[in-house]
Structures are given as C-alpha cells and as structure tokens.
Amino acid sequence: MCRFVASMLGCMAVTMAIGAPIYPVATGSTLQFQGTQQGEKFVGAIRAYDAKIAFDPADTAHSLFDVSMQLKSIDSKSLERDQAMQTVDWFDTGHYPLATFRTVAFRSLGTGWVADADLSIKGRTKRIAFPFQFQKSATGAILDAKVALNRLDFGLGAGEWADDSMVGHRVEVWVHLVLAAPAPSVGEKPPTKAGAKTAH
Amino acid sequence: MSLRSTTEAWSALTRVFHWGMFALYAGLIGVGYYMVDLPLSAAKMKIYALHKSVGVAMLVLVTLRLCWRAMDRRPTSEPMSVWQQRAAVTAVLFLYGLMFALPLSGWVYNSAAGFPLRWFNLINLPALMAPTPTWKLWAKSAHEIASIVFMSLVAVHALAALKHHFWDKDKTLSRMLPRRKGWF
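Protein chains in written order, with the working numbering: chain A, 1 to 200; chain B, 1001 to 1184.
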C-alpha cells in the first residue's frame, strides 16, 4: 500500500515536472543496434524496454525521454552471439540487467533535434548527443534516431575482445518509436475535432 | 619426370593434392573436435574463423583436384579382383563426395546459426541461408556425421593401400608416395 502510494506520488511528481505530453509507445516500434562481427554487420533488437517519451517542441525544458532497456531481451538472430552478449565480458546482465537512457536537455537544429542524454550501460554513464527526428502524425508521432557509439566507452568487450579484429568498436543504435496520441491530462484543452477523430 | 601422370606413377601435382589435402583434412578434423568444447573466448572465435577459412579453401582445392584428375592420365591399375576394384572406386567416389559435403554442411551450419563467414580476414562470404534453428541442428549433425564417415573411409582407404603394399607387394601405394629424388 505504502509502495503504491509512493509510486503514485512519484508518478505524479514526474508528470508534473515533465509537463510535456506523454506519448505512449505503440506497436511497430523498434529499438535496435548494428554491430560488426568479423567484418560482417549484424543487427540486434532489444525486445523489452520501457520508454517514457514526453515531448513538446514548444517546451523542451519540460520534455523528457526516459528509457530503460532489459538487455537480456537482446535478439541478434544467433543463439551463440546472444548468449555471449550476456556474459561478463560483454553486457554482464547478471550484474547489470538494465541499460538506461535519460535526457537532460534538448536543442533544435531546425531540421531536427538533438538531446543531450545520459546513457548508462554496464554501470558506466556517458553523456551523449542524441540526434533525432520527431514527426507528428495523424495517430500521434514518429520518433526516429540513429546514433553511433563506441562499445569500449561502456566496457563492452574488454580484455581479449578489446581489439576490433573480431568485433568492431563502432555500434550504431537505431531507434524507431511509433507513438500513440498522448492521453489528455487534467487542465489540457479539449481535443479538437481532428484530434478526436484520430483517437480511435 | 613430367607434370602429368604416367602409366607407372601418379604425377607430382596429384601427389601434392593427395598428401597436402590429407594433412589439411587431418588438421581440420583435429581442430574441429577440439574447438567445439572450448569455453567462449575471442581465441575460440579465431580458431573457428581459421577452421572455416581452411574449410572453404578445401572446397576450392577439391574442385581444382577433380579438374586436374579429369585432364590428367592415370597409371594402369595393378591386377586385383573385381570386387576390390569396385570397392576402391566406390570408396574414392564417396571420399570426393564427402570432400564437398564437409565444407558445404559446415557453411550451411554457419549460415543457419547466423554467424559471419570471413575468409582468411580478406573477404566476407555470403550466407547460404537465413538464420534458421532447425537447419542449424540438421546441418550440425550432417557436418559431424560426414566427418565420422570421412575418417572411417580414409582409414579403409589407407588400410587397403597398406595391404596392397605389404601383402600383395604391388605399386598401388608406392606410385602415390613422394619420390626419393624429391617430388619431380
């Protein structure tokens, strides 16, 4: 009960701090990364993640992307590779089951956006620039992003894996979030006719 | 000594193919059975990469070997019974078949498992199929069984050659052996 109340309060606090409309993540969204193994590219999908996307282009100060990824859910279409990624040398999911991503500031580029964000993997946090496109659509919005990381920044593949002969250092993260329309919150203007039409 | 085989002996090139590929296959099979039980490490992946690279090279080598065999003459066969003649030809046919089946099943296994195939750190070879768990199991079994059948047939082939050499005292083995004055 206490926990419930606490989480409700926490949720309310977060919601109030965010301010921007929260877009629920809908089906069709993908969170993937592309790495290189022995000169050949492969794609891994993070199947289980929780993304809170609160974004208002007119009020980025109250916008926030808060994403938590379950690294045990990585699927790269190779059982051996997926098992290897769980080990101590790589994501060490026994100790660090989650990777987190949390924005701290947003900048407009005119043609798109850049978020400064803290990415934490394997207990290491790095401030990264996260360029993304945010397109409002009839049913909500589409968020697309592509960002290149160096796996060594997060201690992924240390020791005998450190050189790039077997596994490349550069990893591209691909984000494609299909976002549903934000739920109208208290005090928000009633939805327009067009908005009401697309709600179902 | 000509490059081509004579009625007396196999050519130098044929003998290089025969003994060179024997050595490479012995290494491949030895490493193959050793590497599968290694714990995961970068070293293990490097050993796998080498096994695969040599394996693909064998596919090229056996093709060249068959081309050469088709172009070359053959020494006249030593006198032997019809069943021995047939058994020898059958064994050799199966040996050639397995020299294709071994690398190809390995390649299918690698593709079905979703692994890259980089040939001697030079070029990446295409996958023969998309990652498929069922094919992975079948191809793995095929690769293993092919290696066991191959080793058994090589043993029979070698024992038969030794029998001809020491029992029948004919030239079946000696005409495939390296020359005393070098290969040529």
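All C-beta atoms, glycine included, are put in the ideal place defined by N, C-alpha and C.
Keep in mind that this is a model prediction, so the values were computed, not measured.
Evaluate contact between the segment 1092-1109 of chain B and the segment 1161-1175 of chain B, counting only Cβ atoms and requiring at least three cross-stretch pairs below 8 Å. With a cut-off of 8 Å, the segment 1161-1175 of chain B and the segment 1092-1109 of chain B do not count as touching, because too few Cβ pairs lie within range.
Tell me whether B/N1110 is buried or exposed, calling it buried when 16 or more other Cβ atoms sit within 10 Å of its Cβ. Residue mapping note: residue 1110 of chain B aligns to position 110 of the second sequence, counting from 1. Classification of B/N1110: buried, given that the 10 Å Cβ count is 16 or more.
query: Is it buried or exposed for B/V1062, if we count other Cβ within 10 angstroms and need 16 for buried?
result: Taking the second sequence and counting its residues from 1, one reaches residue 1062 of chain B at position 62. By the 10 Å Cβ count, B/V1062 comes out buried.
query: Between the Cα of B/G1055 and the Cα atoms of B/G1032, B/R1073, B/L1040 and B/T1076, which residue gives the shortest distance?
result: Residue numbering aside, residue 1055 of chain B sits at position 55 when the second sequence is read from its first letter. Checked all of B/G1032, B/R1073, B/L1040 and B/T1076; the closest Cα to B/G1055 is B/G1032.
Identify, in the order they occur along the chain, each residue of the same chain with its Cβ nearer than 7 Å to the Cβ of B/Y1048, setting aside the five sequence neighbours on each side.
To locate residue 1048 of chain B, count along the second sequence from 1; it is residue 48. Answer for B/Y1048: M1035, listed in chain order.
- Name the chain B residues that come within less than 9 Å of A/K77, Cβ to Cβ? Counting from one through the first sequence, the residue named residue 77 of chain A turns up at place 77. Ordered by position in chain B, the residues that pass the 9 Å Cβ test against A/K77 are G1114, A1130 and P1131.
Does B/L1038 come within less than 8 Å of chain A when only Cβ atoms are used? Numbered from 1 along the second sequence, position 38 holds the residue referred to as residue 1038 of chain B. With 8 Å as the cut-off, B/L1038 does not count as an interface residue toward chain A.
Q. What distance in whole Å lies between the Cβ atoms of A/R102 and A/D118, which are believed to be in contact at a cut-off of 8 Å?
A. Looking up residue 118 of chain A in the first sequence gives position 118. Looking up residue 102 of chain A in the first sequence gives position 102. Their Cβ separation, rounded to whole angstroms, is 5 Å, which keeps A/D118 and A/R102 in contact under 8 Å.
_Suppose contacts are defined by Cβ-Cβ distances below 8 Å. Is A/P21 in contact with A/A180 by that definition?_
Counted from its first residue, the first sequence places residue 21 of chain A at position 21. Counted from its first residue, the first sequence places residue 180 of chain A at position 180. In this structure, A/A180 does not lie closer than 8 Å to A/P21 by Cβ.
With 16 other CB atoms within 10 Å as the buried threshold, where does A/K126 fall?
-> Along the first sequence, read from residue 1 onward, the residue named residue 126 of chain A stands at position 126. When all chains shown are included, A/K126 counts as exposed.
Cβ of B/W1138 within 8 Å of Cβ of B/M1129? Walking along the second sequence from the start, residue 1138 of chain B turns up at place 138. Walking along the second sequence from the start, residue 1129 of chain B turns up at place 129. Not a contact, by the Cβ cut-off of 8 Å.
Can you tell me which of B/F1115, B/W1083 and B/P1075 puts its alpha carbon nearest to the alpha carbon of A/M166? Numbered from 1 along the first sequence, position 166 holds the residue referred to as residue 166 of chain A. Out of B/F1115, B/W1083 and B/P1075, B/F1115 has the C-alpha closest to the C-alpha of A/M166.
| message | Could you check whether A/F42 and A/S238 sit closer than 8 Å to each other, using their CB atoms as the reference points? | response | What the structure shows of chain A is the stretch from 1 to 200, and residue 238 of chain A is not part of that stretch, so it cannot be assessed.
Item checked: Where the alpha helix (DSSP H) containing B/W1138 begins and where it ends -> Residue 1138 of chain B sits at position 138 when you count from the first residue of the second sequence. Run containing B/W1138: P1133 to F1166, per the alpha helix (DSSP H) assignment.
Query raised in the report: Does the Cβ of A/G187 have 16 or more other Cβ atoms within 10 Å, making it buried, or fewer, making it exposed?
Result: Residue mapping note: residue 187 of chain A aligns to position 187 of the first sequence, counting from 1. With a pLDDT of 46 at A/G187, under the threshold of 50, the modelled position of this residue cannot be trusted; read the value that follows with caution. That one is exposed.
Could you list which residues in chain B have their beta carbon closer than 7 Å to that of A/A84, in chain order? Taking the first sequence and counting its residues from 1, one reaches residue 84 of chain A at position 84. Within chain B, the residues near A/A84 are L1040.
*Give the single residue among A/E160, A/V175 and A/L177 whose Cα lies nearest to the Cα of B/A972.*
The structure shown does not extend to residue 972 of chain B, since chain B is modelled only from 1001 to 1184, so the question has no answer here.
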